[in-house]
Amino acid sequence: MTQPNRKPLLAGNWKMHLDLKGSVELVRALLKDLPADGREVLVAPPFTALSVVAEVLKGTPIRLGAQNLHWEEKGAFTGEVSGGQLKDAGCSAVIIGHSERRQFFGETDATVAKRVRAALKAGLVPILCIGETLDERESQRTWRVLETQLQGGLEGFTAPELATLVVAYEPVWAIGTGKTATQGQAQDAHLFIRKTLAKMLGEGFAAGVRILYGGSVKPDNVDGLMSEPDVDGALVGGASLKAADFARIIKFQIPARR
Ligand code: PEP
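Pasting the structure below:
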């Protein structure tokens with residue numbers, strides 16, 4: 005279970021799903037089924053639904069996030085959205101470097117770093133996604149990949165600049181596949197990430213940074229994953245589109261230790 009200084013964060017990535025009506029219905033249903041407190045909840049709808057969802061979430065404990073941002077503040081960048089525009093739409097966080105962006109849209113560690121800088125400048129919490137493919141895991145390259153993605157995506161930053169950073173460990177082979185990392189695999193990777201961040205940015209920084217697990221998190225595996233000491237929350241794709249499932253994930257319970 006996460007340390008007391010790391011409040012659990014349960015974030016839903018809606019990807020390219022839901023129209024405006026469906027988006028509003030989903031957050032309304034979630035709001036009816038929220039646990040009291042002690043955990044932070046965030047939803048990241050598609051850009052088109054941000055404003056309407058922001059309206060429903062006003063004055064509630066659920067925070068709004070976006071799924072990407074461009075690194076420039078404004079200009080002739082057809083199809084792009086800036087950090088300032090996301091803030092204006094009501095966002096407080098943004099997902100950066102998701103494996104689908106890396107795989108399908110040419111995202112690199114260098115562009116990830118630019119987006120992290122832009123997010124911080126706009127006052128958005130960057131949720132930096134990293135993770136290895138199946139091939140990389142099977143050829144024993146997991147640690148090297150995670151280290152490279154952290155070093156590249158956070159190049160040139162100081163610990164104080166990254167005070168709000170959240171990292172999401174998302175093994176690519178577990179995203180949308182129904183294959184979840186075992187608790188042990190998740191804990192090993194999270195510990196490795198924390199140790200790498202300690203080397204890069206100091207022990208104090210690493211002890212406080214939240215590391216989420218993402219990859220087929222469901223109501224029936226969230227309790228086990230959240231019971232691991234370095235798992236501070238979850239980034240949830242498919243299961244965040246069903247109010248009852250995401251609500252159960254938010255209400256994770258740590259099994260008592262014997
Ligand atoms: C994701 O897209 O970040 C994700 C973890 O998806 P899923 O939960 O569907 O595997």
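Heads up: the sequence shown begins at 5 in our numbering, then just goes up one per residue. For every residue, glycine included, the Cβ atom is placed at its ideal position computed from N, Cα and C.
Check, Outcome
"Opposing strand residues paired with V171 [DSSP bridges]", "L132 and I215"
"Contact test: E174 Cβ vs the ligand PEP heavy atom, cutoff 8 Å", "yes"
"I254 - containing alpha helix (DSSP H), residue span", "A247 to I254"
"Cβ neighbour criterion (16 or more within 10 Å) applied to D23", "exposed"
"Residue from K62, R67, L34 and K19 with nearest C-alpha to T52", "K19"
"Length of the line joining the Cα atoms of G94 and V57", "9 Å"
"Distance between beta carbons of V226 and I253, contact taken as under 8 Å", "5 Å"
"Residues bridged to N17 [DSSP beta-bridge criterion]", "A48"
"Alpha-carbon spacing of A211 relative to F81, whole angstroms", "38 Å"
"Cβ-based neighbour list, Q257, same chain, cut-off 7 Å, excluding 5 preceding and 5 following", "D227"
"Inter-residue CB distance, V170 and V129 (contact presumed, cutoff 8 Å)", "6 Å"
"Contact test: E104 Cβ vs the ligand PEP heavy atom, cutoff 8 Å", "yes"
"Residue of E76, Q89, S96 and V85 minimising C-alpha distance to P65", "S96"
"C133 beta carbon near the ligand PEP (any heavy atom closer than 8 Å)", "yes"
"Cβ-Cβ distance between T112 and R106 below 9 Å", "yes"
"Distance cut-off 8 Å: I179 Cβ against heavy atoms of the ligand PEP", "yes"
"Heavy atom of the ligand PEP within 8 Å of N17 beta-carbon", "yes"
"I131 versus A172 - alpha carbon distance", "7 Å"
"A70 in three-state terms, based on DSSP", "strand"
"Close-in-space but distant-in-sequence residues of the same chain around N9 (CB under 8 Å, 5 per side omitted)", "A211 and G212"
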